[in-house]
Structures are given as structure tokens and as C-alpha cells.
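Just so you know, the numbering used here puts the end of the sequence shown at 372, numbered straight through with nothing missing. Below: one structure, written as C-alpha cells.
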Amino acid sequence: MQTFNRAIYLVNGNMDDAQIEQELNQTLPKLAASIKQLKIIQTNDLEELVSCSREAAEHIDLLIIHGGDGTIHQVINSIAPLPKRPAVAIIPGGTCNDFSRMLGLPQNLKKAAAVIADGKTASIDLGQYEDSYFLNFWGVGLIADASNNIDEDQKARLGVLSYFISTMRTVNQAEPFAFEMEIDGARLAGEAVMILVMNGRFIGTREFAGPDIRPDDGKLHVIFVKNSNLTSFKELLQIKQDKTVLSDLTEVDILEAEKIRFHSPAGKPIDMDGEVYRETLGEVKILPGHLDMIIGE
Numbered sequence: 076m077q078t079f080n081r082a083i084y085l086v087n088g089n090m091d092d093a094q095i096e097q098e099l100n101q102t103l104p105k106l107a108a109s110i111k112q113l114k115i116i117q118t119n120d121l122e123e124l125v126s127c128s129r130e131a132a133e134h135i136d137l138l139i140i141h142g143g144d145g146t147i148h149q150v151i152n153s154i155a156p157l158p159k160r161p162a163v164a165i166i167p168g169g170t171c172n173d174f175s176r177m178l179g180l181p182q183n184l185k186k187a188a189a190v191i192a193d194g195k196t197a198s199i200d201l202g203q204y205e206d207s208y209f210l211n212f213w214g215v216g217l218i219a220d221a222s223n224n225i226d227e228d229q230k231a232r233l234g235v236l237s238y239f240i241s242t243m244r245t246v247n248q249a250e251p252f253a254f255e256m257e258i259d260g261a262r263l264a265g266e267a268v269m270i271l272v273m274n275g276r277f278i279g280t281r282e283f284a285g286p287d288i289r290p291d292d293g294k295l296h297v298i299f300v301k302n303s304n305l306t307s308f309k310e311l312l313q314i315k316q317d318k319t320v321l322s323d324l325t326e327v328d329i330l331e332a333e334k335i336r337f338h339s340p341a342g343k344p345i346d347m348d349g350e351v352y353r354e355t356l357g358e359v360k361i362l363p364g365h366l367d368m369i370i371g372e
């Protein structure tokens, strides 16, 4: 069991006061008992979240983030370029919490805090796309379009269900696009409705890959979905099954990679960990063991 001397606990200020108090009552007793100096910061906006993370990084040995995937993504991007980075722990506080699922953390707040208190860490890979970073996935095509189509009011009311509604709405409009890229120096071209570059396994709470795809294996896995039909999505869901023979799949291809350079398509939006960016062209690569993170079972 690893002990931490100095930690900062960042709380996403989007929650109302009553919710914050309720959730902190579930997490603080365990954390405070196992960390010598624990400072709590409730951020008011994204700018403060990023600046607090960056400024505190070299002075602490643990950064605890209480929030959803968007919050985690922004914090990771703020500290990933730094020469000295603290260990990172996640208290799941969002809609999908795919990062915490990937790390084997409980979705129950008390149990997640207990895992953090135990202090088991692992060196986790990060994906890098130009000057940005992703912990879970990089995607273009259907996945980015579905993220763009999410109704924020519907998301607030329905939570995870809003992602599936948006995906079903987007599938009906999806058309294959031409791509050209280099994977570890080898040229590749074709058509797809979606390209996923996976470091983790979960998207929208759904596990899309089996244990062969891990965030600590020093590799990225590139998944090509050729068409938006029932066969494609059936095969995509089959990837996680141990008995699936990947060479038998007809609508989905999977390749391992350390570095990918996209030459086309230009101008299509991309989705990194649920956050939509506007440019496709560029280089995606793996940074092996770049972050120490608290993990569960």
C-alpha cells in the first residue's frame, strides 16, 4: 500500500452545493484518514480547473479529480506536458465515467475513495494527438458526429441514455468517408464510417474491447468500422469476446500501432474522450507509462 503526503482534491464546480456536500461526505472520511495533507478546491469554471491542476502539479504527489470524463480529459491535458507529474486518482462524478471503468475503479463513491486510500498505482499510457492528449480513445466519423448531435437538455434528463439516442439518430445519416494514413510507417487507404484509436476499452459505459487492449500495454489499437449496418455493430460488440477470431470479421478491422499519421480526411471533427475537436489531419502516438494512476481490481 502506497501512502501520499500531499494531495489536492479537485471538485467540479458544476454541481450544486447540496450535491457537493453529499458527495464529499461519502469520500472525505476515507481520503482524509490516509493522506497527511489534503486540500480541497472547488473550481468555478474550466479555466480555473486547468490552472489549479497545472500550478499544483509539482507541489503534490497525488491529484484527486472528482468529476466526469470531460473534467478528467481537461485535467489530464493540463498536466501531461509537465516534466513533473503527480499520481492521478479519479472519483467518478459524471454521466459515463469511462476513465474510471477502464481503471477498474468502483462507481460507488465510498468504494472509489477506499480504493484511492489503498493507494495501488500503475503506469498508464497516454495517447497524444498533436498538442493534445487522450486517455481512452481518439475517433473520427460516426463517433464524433454522435457527440456533436447530443442534446444537452436531454443529457441532463436522461444521462447515459442520451448518448445511445444520439448514436441511433446519427447512424441513419452516416456515410463512408475516404481515409489515407500511415500506421508505423506503412501506408493504408480505404473507406470507413468510423475510425477509433483505442487506448482504453470503454465508450459510453459500453466495453468495446477485451483484455488484450489495455491502457498499460504500450500500444494503440486502431479499429475501422466499414459501414453503418447491423453486421458492423454486431462485430464491433463481438471484439470483447474471448472466442472472437478477429480475422473472421468482415465489417471491422483492427490493427496495433505506436504511431499513426492521418493524411485524409481533412476538416472532419474528431472526438477525444468525449470532447470534440475540429481538425482531423495530424499525428496520433502512444506515450507509454506516461501517468501514474490509482487503479482498482
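Each residue gets a CB set at the ideal place from its N, CA and C atoms; glycine is no exception. Small disclaimer: the values here were computed from a predicted structure and weren't measured.
Below 8 Å CB to CB, which residues in the same chain sit around Cys127 once its five sequence neighbours on both sides are set aside?
Ile83, Leu85, Ile116 and Thr118.
Less than 8 Å between the beta carbons of Ala164 and Ile369, yes or no?
Between Ala164 and Ile369, the C-beta spacing is below 8 Å.
Where does Glu331 sit, in a helix, a strand or coil, going by DSSP?
When secondary structure is reduced to three states using DSSP, Glu331 falls in the strand class.
According to DSSP, is Glu354 helix, strand or coil?
When DSSP states are grouped into helix, strand and coil, Glu354 belongs to the coil group.
With a threshold of 16 other CB atoms inside 10 Å of the CB of Leu201, please say whether the residue is buried or exposed.
A buried status is given to Leu201, since no fewer than 16 other beta-carbon atoms sit within 10 Å of its beta-carbon.
Alpha carbons only, please: which of Ala189, Lys334 and Tyr352 is nearest the one belonging to Ala261?
Out of Ala189, Lys334 and Tyr352, Lys334 has the C-alpha closest to the C-alpha of Ala261.
What distance in whole Å lies between the Cβ atoms of Met269 and Gly214, which are believed to be in contact at a cut-off of 8 Å?
About 7 Å; that satisfies the 8 Å criterion.
Tell me the start and end of each unbroken alpha helix (DSSP H) in the segment 107-195 that is at least 4 residues and wholly inside, in chain order.
The qualifying runs are 121-131, 144-154, 173-177 and 184-193.
Based on Cα-Cα distance, which residue from Ala131, Glu266 and Lys111 lies nearest to Val300?
It is Glu266 whose Cα lies nearest to the Cα of Val300.
I'd like the span of the beta strand (DSSP E) that includes Arg276, first residue to last.
Boundaries for Arg276: no beta strand (DSSP E) harbours it, and the DSSP string shows neither H nor E there.
Do Asn152 and Tyr204 have their CB atoms nearer than 8 Å?
Their beta carbons are not under 8 Å apart, which means Asn152 does not touch Tyr204 by this criterion.
Would you kindly work out how many angstroms separate the C-alpha atoms of Leu113 and Arg81, rounded to a whole number?
Their backbone Cα atoms lie some 6 Å apart in a straight line.
Check Lys360 in the structure and name its three-state DSSP category.
Here Lys360 sits in strand by DSSP.
Can you tell which of Asp120, Ile140, Asp91 and Asp287 has its C-alpha closest to the C-alpha of Leu106?
Nearest option by C-alpha distance: Ile140.
What does the alpha-carbon distance come out to for the pair Asp259 and Tyr352?
In a straight line, the C-alpha of Asp259 is about 24 Å away from that of Tyr352.
What residue does the beta strand (DSSP E) around Met256 start on, and which one ends it?
Here the beta strand (DSSP E) through Met256 covers Phe252 to Ile258.
Within a Cβ cutoff of 6 Å, which residues of the same chain sit near Pro363, ignoring the five residues on either side of it in sequence?
The answer, listed in chain order, is Asp200 and Gly293.
At the 8 Å Cβ level, is Val327 part of the contact set with chain B, yes or no?
Note that chain B does not occur in the displayed structure, where there is just one protein chain.
Here's the rule: buried if 16 or more other CB atoms are within 10 angstroms of the residue's CB, otherwise exposed. What is Gly275?
Burial call: buried.
Does the distance from the C-beta atom of Gln149 to that of Leu124 stay below 8 Å?
In terms of Cβ geometry, Gln149 and Leu124 form a close pair [threshold 8 Å].
Look at the alpha carbon of Pro340 and the alpha carbon of Leu210, and state the distance between them as a whole number of angstroms.
Leu210 has its alpha-carbon roughly 23 Å from the corresponding atom of Pro340.
Identify which residue in Arg281, Glu282, Thr102 and Glu326 has its Cα closest to the Cα of Pro167.
Minimum Cα distance to Pro167 is reached at Thr102.
Residues sharing a beta bridge with Ala82, DSSP:
DSSP, once it has assigned bridges, lists Leu113 and Leu137 as partnering Ala82.
Put Asn87 into one of helix, strand or coil per three-state DSSP.
Asn87: strand per DSSP, three-state reduction.
Just grab the DSSP bridge partners of Leu71 for me.
Outside the shown range of the chain (76 to 372) lies residue 71, about which nothing can therefore be said.
N- and C-terminal bounds of the beta strand (DSSP E) containing Val300
That run of the beta strand (DSSP E) goes Leu295 to Val300.
Do the CB positions of Asp367 and Ser198 come within less than 8 Å of each other?
Yes, they are a contact pair.
Quickly, what does DSSP pair Ile345 with across the bridge? List them, please.
Bridge partners of Ile345: Val215 and Tyr352.
DSSP state of Glu66 mapped onto helix, strand, coil:
Because residue 66 is not part of the residues shown, which for the chain are 76 to 372, the question remains open.
Contact under 8 Å by Cβ, Asp328 with Ile218:
Not closer than 8 Å, so no.
Is Gly98 helix, strand or coil by DSSP?
Strictly speaking, residue 98 in this sequence is Glu, with Gly absent from that position. Reduced to three states, the DSSP call for Glu98 is helix.
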